[in-house]
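For reference, the structure discussed in these notes is given below.
Residue numbers (mature numbering (1 follows the signal peptide of the UniProt record, and there is no 0)): -17 to -1, 1 to 279.
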């Protein structure tokens, strides 16, 4: 059976965008697998790491469940047969899609991840750090991104969740390569008249492994950016003064800040960094990668 896992959508402002998929479709191996290895908990996490590495570094991956290793090769036709079964090998597929530009006609093409029998649409992904998330209100409304890191836009998130509450899933990877998950039921984001107020019903402990619910601090908050202060803090803007000019549902100020400044190591105890408090044992340490998605 052919399985496709869409890991991330590549966006460009003026050129045609591309959607990156990984598939188990049989491809005749053409070269020995000169692969690098990394720790992973599943074939999905392995594919996410391959996607984040980019096609020049990873065009095929194989997950070894016994050793929890992810093998990655720059060759799409890499032969993993000596170490992995064909069903665990994922190869990069690239298909054309439409173009878009931040703040005006941003591409609405969807980016999905399939986890077991559930399908999620990614609303935010960060793992490279080249793109600044210090963006204005208009860009957070319409969406922005590059080939790896992106935000699909508040309008689109409202379209997905405003009348149909969804399950929100957060996946945060620490600089120790540990994956932490938080899931929430009844996630909704209001429309522009509410400044895109966010709320949810409950934190799903059975499908989460974080040490607490960081999003609870932000529940019921309006969205804020560096040029639009809707947070609950008096006297200063959370985005500008404390949270790295990012856009988020800041309260006063943050237990989680996925739109904060991207660091290349686990910089500790700073609200300005890309962080999710209970993915790092209750600290504010910077994360290696994060993605947010809603079940569709």
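For glycine and all other residues, C-beta sits at the position ideal for the given N, C-alpha and C.
- A check of alpha carbon separations from residue 155 across 273, 35, 183, 25 identifies 273 as the nearest.
- When secondary structure is reduced to three states using DSSP, residue 59 falls in the coil class, being assigned neither helix nor strand.
- Two segments are said to touch when three or more pairs of C-beta atoms, one from each, lie closer than 8 Å; by this definition the stretch 241 to 253 touches the stretch 111 to 128.
- Segment contact: the stretch 254 to 263 against the stretch 126 to 144, fewer than three CB-CB distances shorter than 8 Å; contact not assigned.
- For residue 165, the beta-bridge partners assigned by DSSP are 153.
- According to the DSSP assignment, residue 231 belongs to no alpha helix (DSSP H), since it is labelled neither H nor E.
- Judged by DSSP in its simplified three-state form, residue 186 adopts strand.
- Across the structure, residue 149 and residue 230 are spaced so that their CA atoms are roughly 21 Å apart.
- With contacts defined as CB atoms closer than 8 Å, residue 55 and residue 36 qualify as a contacting pair.
- An exposed status is given to residue 40, since fewer than 16 other beta-carbon atoms sit within 10 Å of its beta-carbon.
- Contact between the stretch 213 to 226 and the stretch 188 to 199 is not established, with fewer than three Cβ pairs separated by less than 8 Å.
- DSSP places residue 208 within a strand segment (E or B) once states are collapsed to three.
- Counting along the chain, residue 140 sits inside the alpha helix (DSSP H) bounded by residues 137 to 144.
- The Cβ atoms of residue 102 and residue 279 lie closer than 8 Å to each other.
- Contact between residue 30 and residue 73 holds, since their C-beta atoms are separated by about 5 Å, short of 8 Å.
- In its chain, beyond the 5 residues on either side, 117, 209, 222 have a beta carbon closer than 7 Å to the beta carbon of residue 228.
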